[in-house]
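Peer 1: The structure's right below; bear with me while I get my questions together.
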Amino acid sequence: MNKLILLVFLLVYTSAGAAVNLNNDVTKGLINDIQQAERALKQTQQSIAKDNAVLQQQLSELEKSVLALQAKTAVARRATDEQTLSLETLQTRLHDWQQQYSYQNNLLQRFMQQQGVKTATNNTDFAAILALVDTQLAQLSQKSAPQWQLQQLALQDGQLKQLKTLTVGPMHWFADESTNQAGIYQINQGIAQVALNFSTSDSQALLALMQQGQGEVLFDPTLERAMTLQVAQESMLDHIKKGGIWVLPILAFGVFALLIALAKAFQLWRLPQILPGLSTRLSHIFSLPAAQASHELQGLQQQAGQAVSSMQHELLAISLNSNIGPSRDDQLFAALLHHKHKLEYWLGAIAITAAVSPLLGLLGTVSGMIETFKLMTLFGAGDAAAVSGGISEALVTTELGLVVAIPALLCHALLSRRAKTYYGELESCAVNLSQLNTDTSSTWQEAA
């Protein structure tokens, strides 16, 4: 039994080994076939790629030839159409072409105007305009890489001098190596003029830029507006001179009103205060015994000589030296009128100045407008510089008239109020003194 099993086992092992060998042979054959197929596929792909490149080149050449033939066909068709078109169609096409030419010409003319180049408005030479455009484009290209150039400048003292200049966009600088001075210049009506001289440090920085190619540069970020405002600033004297001859009477009235206002303010400021309750104190003194009344009256007279104003002292003297009645009232009233005239003296002149100054300013305005219309008749309304003198005269005189009138009016109001207040206190004191009875006062008789 064991032998039989061993025999069977040997047979199975032998048949398995034979099967394995057979499988290995089959696998090797398949691998060889696959490799050969891959090589054949690669060769086929390479061949197809070469053929495709050749075909693409041929197709591109054919497309170019087709485009060329289409262009020739369009030209030939246009020529054929033009031969068969009517005269009206040709005129319409010519009109369209003329409009296109006018549009292009206007664009070029506008570009030249923006660049500041003057050309004839009826210039129909398209080639000449194109040449000017090329010149401007070359200049723009040069401006993109600015270089120092010699240029004649008008200095601030009026002298003309050749200086090195640098232009970057709208900004212009100059440098003078002989004086180590640099600054900014402007171009006004085609003339280069020095607008601003730099300080020593800023000039050295610009000179270093010119000599070494690098440095800090001072410029106007407002594109010359700030410098224009700086140049346009004028002194007070220059501003007054623009008003013409009518400025003189306005200023004379202003000085006249100022002197009067100062004098009256000093006069009113020096006036002592009104002694209050003067009549009450006198009534109290008259009610005292004779000896004491005489002593109190002498003290009041001394106080009146020191503290009481001369105006109130005069009213007191009239009341003490006159008996009660119409006569004393008339004397007090006359004294009040005299003091009122003294307080209000020359105040009317300030009021007159406040009233006359605007009228003089209006007279200067009329004179300036007459001058303006005269200049407009001579030079036309388009020249602003020619008519600016008359307008300045009209405005400056009005301005000065109001400048004189407003302070004069305020001074007159304040001084008049002060004078009226002081006069009111005097008047109240006079009324109280007029009621004082000194006829039966033995005290006053003894003191007198």
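For the sequence shown, the residue numbers in mature numbering (1 follows the signal peptide of the UniProt record, and there is no 0) are -18 to -1, 1 to 430.
Ideal Cβ placement from N, Cα and C applies to all residues, glycine included.
(1) Mapping DSSP to helix, strand and coil, what is residue 473?
(2) Can you have a look at residue 8 and say buried or exposed, based on whether 16 or more other CB atoms are within 10 angstroms of its CB?
(3) Just to confirm the assignment, what range does the beta strand (DSSP E) spanning residue 253 have?
(4) Buried or exposed: where does residue 413 fall if 16 or more other Cβ atoms within 10 Å of its Cβ makes it buried?
(5) What does the alpha-carbon distance come out to for the pair residue 91 and residue 145?
(6) What first and last residue would you give for the alpha helix (DSSP H) that runs through residue 88?
(7) In three-state DSSP terms, what is residue 156?
(8) So, for residue 336: in the same chain, excluding its five sequence neighbours on each side, which residues have a beta-carbon less than 7 Å away from its beta-carbon?
(9) Consult DSSP for residue 327 and reduce its assignment to one of helix, strand or coil.
(10) Classify residue 240 as helix, strand or coil using the three-state DSSP reduction.
(11) Do the CB positions of residue 117 and residue 131 come within less than 7 Å of each other?
(12) In the structure shown, what three-state DSSP assignment does residue 178 receive?
(13) Residue 405: which of 294, 370, 109 sits nearest, CA to CA?
(14) At the level of alpha carbons, what is the spacing between residue 514 and residue 240?
(15) Relative to the C-alpha of residue 408, which candidate in 264, 327, 202, 257 has its C-alpha closest?
(16) Alpha carbon to alpha carbon, how far is residue 397 from residue 225? Give it in angstroms, no decimals.
(17) Taking the alpha carbon of residue 83 as the point to measure from, which residue in 379, 111, 21 has its own alpha carbon closest?
(18) Taking 6 Å as the cut-off, is the C-beta of residue 142 nearer than that to any heavy atom in the ligand ADP?
(19) If you drop the 5 nearest sequence neighbours on each side, which residues of the same chain put their C-beta closer than 6 Å to that of residue 134?
(20) Return yes when the Cβ of residue 354 is within less than 7 Å of the Cβ of residue 379, no when it is not.
(21) Locate the beta strand (DSSP E) running through residue 142, then write down its first and last residues.
Peer 2: Taking the structure as given:
(1) Residue 473 is absent from the structure shown; the chain starts at -18 and stops at 430.
(2) exposed
(3) Here residue 253 belongs to no beta strand (DSSP E), and DSSP marks it neither H nor E.
(4) exposed
(5) 33 Å
(6) 69 to 96
(7) strand
(8) 387, 390, 391, 394
(9) coil
(10) helix
(11) no
(12) strand
(13) 294
(14) Since the first residue shown for the chain is -18 and the last is 430, residue 514 is missing from the structure and cannot be characterised.
(15) 257
(16) 31 Å
(17) 111
(18) Questions concerning the ligand ADP fall outside what the structure shown contains, since it holds no ligand whatsoever.
(19) 142, 144
(20) no
(21) 142 to 150
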